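**Q**
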Amino acid sequence: MQEIEFYCKKCRKTMKMSYALTGDKDAPAMNGIIIRCHTRKCTRVVTLKNFTEGKIVQRANVSGRCYL
Numbered sequence: 154m155q156e157i158e159f160y161c162k163k164c165r166k167t168m169k170m171s172y173a174l175t176g177d178k179d180a181p182a183m184n185g186i187i188i189r190c191h192t193r194k195c196t197r198v199v200t201l202k203n204f205t206e207g208k209i210v211q212r213a214n215v216s217g218r219c220y221l
């Protein structure tokens with residue numbers, strides 16, 4: 154797994170954003186980034202706070218999808 158793609162937890166569609174892994178599990182990753190779902194029906198907005206690469210890898214499934 155070299156890249157993790159972000160998906161909406163509510164509507165299960167892509168948020169059109171991905172994260173390339175560096176290998177450092179304790180490094181802060183994308184702090185303060187606001188991601189919103191791009192579908193018309195879903196209005197979900199996610200702000201990433203205190204996320205590390207280890208937390209992102211932990212939440213991702215085998216295919217490299219992380220549902221936020």
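Just so we're aligned, residue 154 is where the sequence shown starts under the numbering used here, counting upward by one.
Cβ coordinates follow ideal geometry from the N, Cα and C atoms, glycine included.
Since the structure is predicted, the reported quantities are computational estimates derived from the model, not experimental observations.
(1) Give a yes or no on whether the C-beta atoms belonging to residue 182 and residue 200 are separated by under 8 Å.
(2) Thinking just about the alpha-carbon of each residue, which of 160, 164 and 193 is nearest to the one in residue 172?
(3) In three-state terms, what does DSSP make of residue 215?
(4) With DSSP collapsed to three states, give me the class of residue 208.
(5) Have a look at 180, 221, 198 and 174 and flag the residue whose alpha-carbon is nearest the alpha-carbon of residue 157.
**A** Checking against the coordinates, here is how it stands:
(1) Result no, Cβ atoms of residue 182 and residue 200 do not sit closer than 8 Å.
(2) Distance check between residue 172 and each of 160, 164 and 193 places 160 closest, using alpha-carbon atoms only.
(3) It is coil, neither helix nor strand.
(4) Helix.
(5) Nearest in C-alpha terms to residue 157, of all of 180, 221, 198 and 174, is 174.
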